[in-house]
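S.K.: After the structure tokens below, expect a handful of questions from me.
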Amino acid sequence: MVEERCCFNKDALAIKAPKKMHVVLRMLMLAAMMICGIYISSVSLKQIGIQSRPRKLMIKIMEAPCSKPDIPYYEIPYVHYPVPTTYSRDECACTPVRFFSIVSMQRSGSGWFETLLNSHVNISSNGEIFFPKERRSNVSTIIRTLDKIYNLDWYSSSSKNECIAAVGLKWMLNQGLMENHARVVEYFSQRGVSVIFLFRRNLLCRLVSQLANDHDRSARQLHGTHKAHVHSESEANILARYKPRINTSELIPTLKHTDKFATDALGYFKSIPHIVLYYEDLVRNHTKLMDVLEFLRVPQRKLVSRHVKIHTRPLHEQVENWDDVYISLKGTEYESFLNSDYGF
Ligand SMILES: *[C@@H]1O[C@H](CO)[C@@H](O)[C@H](O)[C@H]1NC(C)=O
Ligand SMILES: *[C@@H]1O[C@H](CO)[C@@H](O)[C@H](O)[C@H]1NC(C)=O
Ligand SMILES: *[C@@H]1O[C@H](CO)[C@@H](O)[C@H](O)[C@H]1NC(C)=O
Ligand SMILES: *[C@@H]1O[C@H](CO)[C@@H](O)[C@H](O)[C@H]1NC(C)=O
Numbered sequence: 007m008v009e010e011r012c013c014f015n016k017d018a019l020a021i022k023a024p025k026k027m028h029v030v031l032r033m034l035m036l037a038a039m040m041i042c043g044i045y046i047s048s049v050s051l052k053q054i055g056i057q058s059r060p061r062k063l064m065i066k067i068m069e070a071p072c073s074k075p076d077i078p079y080y081e082i083p084y085v086h087y088p089v090p091t092t093y094s095r096d097e098c099a100c101t102p103v104r105f106f107s108i109v110s111m112q113r114s115g116s117g118w119f120e121t122l123l124n125s126h127v128n129i130s131s132n133g134e135i136f137f138p139k140e141r142r143s144n145v146s147t148i149i150r151t152l153d154k155i156y157n158l159d160w161y162s163s164s165s166k167n168e169c170i171a172a173v174g175l176k177w178m179l180n181q182g183l184m185e186n187h188a189r190v191v192e193y194f195s196q197r198g199v200s201v202i203f204l205f206r207r208n209l210l211c212r213l214v215s216q217l218a219n220d221h222d223r224s225a226r227q228l229h230g231t232h233k234a235h236v237h238s239e240s241e242a243n244i245l246a247r248y249k250p251r252i253n254t255s256e257l258i259p260t261l262k263h264t265d266k267f268a269t270d271a272l273g274y275f276k277s278i279p280h281i282v283l284y285y286e287d288l289v290r291n292h293t294k295l296m297d298v299l300e301f302l303r304v305p306q307r308k309l310v311s312r313h314v315k316i317h318t319r320p321l322h323e324q325v326e327n328w329d330d331v332y333i334s335l336k337g338t339e340y341e342s343f344l345n346s347d348y349g350f
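Per the working numbering, residue 7 is the first one in the sequence shown, and the count goes up by one each step.
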């Protein structure tokens, strides 16, 4: 019995010895293969680095650690990490940035609205960028301008530090936006730009404001200068003194055209993430501004503006030929414009 046990044990040992050697050999080979593999991949990586543009590779490497897993998958296209060419975002390189465009019409409160947004430390809205005609002379100049803004390479008085979380501009429908709507929608879709529509409900009030502003452009009522927006009540009162005369034969076609312009814009951009705001609602209810901050995914905070409203009296006191205007609109689809309870 003892011998049997001994022999059995010996056998077992005899069998185990070569197996151990086998394992050691295998491990050595594995190590050699790993070293080879690391060498080959490092060489080929270097070659890739040389062949393709090294800049692109750099951006990829920099972007990777910025992606935040807590952002829902459907928001990923709207979260950006711009790398400006003119400066470094430093410690905020990984602060996600949202791209937006305020889409509006003249005399719809967008000047006031934009100063409110710009009072937020993390928002930079660069103004009426496409006011100068040369920037909207063709689609290529428009795209080049937009690229510069969204890459954070645009300088304006509202450009902020490298820690901004939302960047955009104010774009009027008649500044190349409607003419080039198909290409702009394509661009917004590709670059993940969201739209903030800002319109005025009462288009008659808008018309009065527009006629008064046109008048001031030539009359220059404030110490010989034209002002589209004012910062004091005394200046507002001077501008509000002028009562425009409305050409009633053009009135309904004008209102129709304005209405259609806004409706068409909403249609063109319906596939782009957007929020629709009305000036009157913002004036009545300041909480609506918080909806915008939520839309832009920036922290909620109080927004302020120094702008002072120009027309504050009831509408009938602001039009020279009110009786004619009243007759023209009474019984039409625009009748409600006659009853503005808040002086706009
Ligand atoms: C907002 O800006 C401040 C100051 O630059 C910065 O400290 C903060 O991280 C920014 N917040 C967001 C959400 O980007
Ligand atoms: C677009 O306009 C710019 C500036 O007016 C001009 O230099 C450029 O040649 C135009 N490009 C095309 C494709 O028309
Ligand atoms: C009003 O508009 C019509 C149509 O455009 C024009 O023929 C007419 O001269 C205008 N009237 C005044 C007083 O400007
Ligand atoms: C003001 O706006 C907020 C945000 O949109 C809304 O929840 C609230 O009901 C509004 N208040 C009034 C009185 O309309």
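No residue lacks a Cβ here, since even glycine has one placed at the ideal position from N, Cα and C.
Quick caveat: nothing in here was measured; it's all calculated off a predicted structure.
Am I right that Ile281 and Asp297 are in contact with their C-beta atoms under 8 angstroms? What's the rounded C-beta distance?
M.R.: Here residue 281 is taken as the residue at index 275 of the sequence shown, counted from 1. Here residue 297 is taken as the residue at index 291 of the sequence shown, counted from 1. Their Cβ separation, rounded to whole angstroms, is 7 angstroms, which keeps Ile281 and Asp297 in contact under 8 angstroms.
S.K.: Within the structure, which residues are defined as neighbours of ligand 2 by a Cβ-heavy atom distance below 7 angstroms, reported in chain order?
M.R.: For ligand 2, the selected residues are Glu140, Ser143, Asn144, Ser146 and Thr147.
S.K.: Taking Cβ positions, are Leu309 and Ser130 nearer each other than 8 angstroms?
M.R.: Along the sequence shown, one-based indexing puts residue 309 at 303. Along the sequence shown, one-based indexing puts residue 130 at 124. No, these two residues do not count as a Cβ contact at 8 angstroms.
S.K.: Verify whether the separation of the beta carbon atoms of Leu175 and Ile155 is less than 8 angstroms.
M.R.: Indexing the sequence shown from 1 puts residue 175 at position 169. Indexing the sequence shown from 1 puts residue 155 at position 149. Going by C-beta atoms, Leu175 is nearer than 8 angstroms to Ile155.
S.K.: Quick check: does the Cβ of Asn253 come within less than 7 angstroms of any heavy atom belonging to ligand 3?
M.R.: Here residue 253 is taken as the residue at index 247 of the sequence shown, counted from 1. True, at least one ligand heavy atom lies under 7 angstroms from that Cβ.
S.K.: Given this structure, state the Cα-to-Cα distance separating Leu228 from Met184, to the nearest angstrom.
M.R.: For the purposes of this step, residue 228 is taken as residue 222 along the sequence shown, with counting starting at 1. For the purposes of this step, residue 184 is taken as residue 178 along the sequence shown, with counting starting at 1. Those two C-alpha atoms are separated by around 34 angstroms.
S.K.: What's the C-alpha gap between Phe105 and Ser255?
M.R.: Here residue 105 corresponds to residue number 99 of the sequence shown, with the count starting at 1. Here residue 255 corresponds to residue number 249 of the sequence shown, with the count starting at 1. Cα-Cα distance, rounded: 42 angstroms.
S.K.: For Ser114 versus Tyr285, is the C-beta spacing smaller than 8 angstroms?
M.R.: Here residue 114 is taken as the residue at index 108 of the sequence shown, counted from 1. Here residue 285 is taken as the residue at index 279 of the sequence shown, counted from 1. Yes; because the gap between Cβ atoms is below 8 angstroms, this pair is in contact.
S.K.: Which of the three DSSP states is assigned to Leu283 in this structure?
M.R.: What you label residue 283 is simply residue 277 of the sequence shown in a count that begins at 1. Residue state, collapsed to three classes: strand.
S.K.: Pull every residue with its beta-carbon under 5 angstroms away from any heavy atom of ligand 1, and keep them in chain order.
M.R.: Counting every residue whose Cβ lies closer than 5 angstroms to a heavy atom of ligand 1, we get Thr101, Val127, Asn128, Cys169 and Ala171.
S.K.: Could you name the residues that DSSP lists as bridge partners for Phe205?
M.R.: Position 199 of the sequence shown, counting from 1, holds the residue named residue 205. Tyr284, per the DSSP bridge assignment.
S.K.: Which class does Val103 belong to by DSSP, given the choice of helix, strand or coil?
M.R.: Within the sequence shown, numbered from 1, the residue matching residue 103 stands at position 97. Three-state result, Val103: strand.
S.K.: What is the DSSP secondary structure of Gly174, counted as helix, strand or coil?
M.R.: Translated into positions along the sequence shown, residue 174 becomes position 168. Reduced to three states, the DSSP call for Gly174 is strand.
S.K.: From Thr92, Val85 and Met111, pick the residue whose C-alpha is nearest to that of Cys100; which is it?
M.R.: Reading the sequence shown from its first residue, position 94 is the one you call residue 100. Answer by Cα proximity: Val85.
S.K.: Based on Cα-Cα distance, which residue from Leu272, Ile135, Arg290 and His237 lies nearest to His187?
M.R.: Looking up residue 187 in the sequence shown gives position 181. Of Leu272, Ile135, Arg290 and His237, the residue nearest in Cα terms is Leu272.
S.K.: Go through the stretch 136 to 202 residue by residue and report every complete run of the alpha helix (DSSP H) that reaches 4 residues or more, in order.
M.R.: For the stretch 136 to 202, whole alpha helix (DSSP H) runs of length 4 or above, ordered along the chain, are 145 to 156 and 187 to 197.
S.K.: Mind checking Thr231: buried by the 16 CB within 10 Å criterion, or exposed?
M.R.: In the sequence shown, the residue the question calls residue 231 occupies position 225. Thr231 should be labelled exposed.
S.K.: CB-CB under 7 angstroms to Gln306, same chain, minus the five flanking residues each way: which ones, in chain order?
M.R.: Taking the first residue of the sequence shown as position 1, residue 306 is located at position 300. So the list reads Met296 and Leu299, once near-sequence residues are dropped.
S.K.: If you measure from the CB of Glu326, is any heavy atom of ligand 3 nearer than 7 angstroms?
M.R.: Translated into positions along the sequence shown, residue 326 becomes position 320. Every heavy atom of ligand 3 is 7 angstroms or more from the Cβ of Glu326, so no.
S.K.: Could you tell me the distance, in whole angstroms, from the CA atom of Met178 to the CA atom of Gln112?
M.R.: Taking the sequence shown and counting its residues from 1, the one referred to as residue 178 is at position 172. Taking the sequence shown and counting its residues from 1, the one referred to as residue 112 is at position 106. Each residue's alpha carbon lies about 7 angstroms from the other.
S.K.: Quick test of the definition: if touching needs 3 or more C-beta pairs under 8 angstroms, does the stretch 232 to 249 touch the stretch 310 to 324?
M.R.: Yes, they touch.
S.K.: For Glu134, is the beta carbon positioned less than 7 angstroms from some heavy atom of ligand 3?
M.R.: For the purposes of this step, residue 134 is identified with residue 128 of the sequence shown, where counting begins at 1. Result no, Cβ not under 7 angstroms from ligand 3.
S.K.: Rounded to whole angstroms, what is the Cα-Cα separation between Arg223 and Lys233?
M.R.: Taking the first residue of the sequence shown as position 1, residue 223 is located at position 217. Taking the first residue of the sequence shown as position 1, residue 233 is located at position 227. Their backbone Cα atoms lie some 8 angstroms apart in a straight line.
S.K.: Compare the C-alpha of Thr260 against each of Arg247, Thr293, Val89 and Leu209 and name the closest.
M.R.: For the purposes of this step, residue 260 is taken as the residue at position 254 of the sequence shown. Closest by alpha carbon: Leu209.
S.K.: Rank Gly133, Phe205, Leu321 and Phe301 by C-alpha distance to the C-alpha of Thr269 and give the top, closest one.
M.R.: Your numbering for residue 269 matches position 263 in the sequence shown. Out of Gly133, Phe205, Leu321 and Phe301, Phe205 has the C-alpha closest to the C-alpha of Thr269.
S.K.: Check this for me: beta carbons of Val103 and Val201, under 8 angstroms apart or not?
M.R.: Translated into the one-based positions of the sequence shown, residue 103 becomes position 97. Translated into the one-based positions of the sequence shown, residue 201 becomes position 195. Result no, Cβ atoms of Val103 and Val201 do not sit closer than 8 angstroms.
S.K.: Within a Cβ cutoff of 6 angstroms, which residues of the same chain sit near Arg189, ignoring the five residues on either side of it in sequence?
M.R.: Sequence index remark: in the sequence shown, residue 189 carries index 183 (1-based). Excluding residues within five positions, the ones whose Cβ falls inside 6 angstroms are Val145.
S.K.: According to the Cβ coordinates, are Ser142 and Ile149 closer than 8 angstroms?
M.R.: Residue mapping note: residue 142 aligns to position 136 of the sequence shown, counting from 1. Residue mapping note: residue 149 aligns to position 143 of the sequence shown, counting from 1. Here residue 142 turns out to be Arg, not Ser, going by the sequence shown. No, they are not a contact pair.
S.K.: Between Lys308 and ligand 4, is the CB less than 7 angstroms from at least one heavy atom?
M.R.: To locate residue 308, count along the sequence shown from 1; it is residue 302. Flag unset: Cβ of Lys308 not near ligand 4.
S.K.: Three-state secondary structure (DSSP) at Ser110?
M.R.: For the purposes of this step, residue 110 is taken as residue 104 along the sequence shown, with counting starting at 1. Of the three classes helix, strand and coil, the one that applies to Ser110 here is strand, per DSSP.
S.K.: Can Cys98 and Glu168 be called in contact, C-beta distance under 8 angstroms?
M.R.: Along the sequence shown, one-based indexing puts residue 98 at 92. Along the sequence shown, one-based indexing puts residue 168 at 162. The answer is yes: Cβ separation under 8 angstroms.
S.K.: According to DSSP, is Leu295 part of a helix, a strand, or is it coil?
M.R.: Working through the sequence shown from its first residue, we reach residue 295 at position 289. Three-state DSSP puts Leu295 in a helix.
S.K.: Within this structure, are the beta carbons of His235 and Gly117 separated by less than 8 angstroms?
M.R.: Here residue 235 refers to the residue found at position 229 when the sequence shown is read from its first residue. Here residue 117 refers to the residue found at position 111 when the sequence shown is read from its first residue. A contact, by the Cβ cut-off of 8 angstroms.
S.K.: Could you check if Glu256 belongs to the surroundings of ligand 3, using beta carbon to heavy atom distance under 7 angstroms?
M.R.: Locating residue 256 in the sequence shown gives position 250, where the first residue counts as 1. Yes, the Cβ of Glu256 comes within 7 angstroms of a heavy atom of ligand 3.
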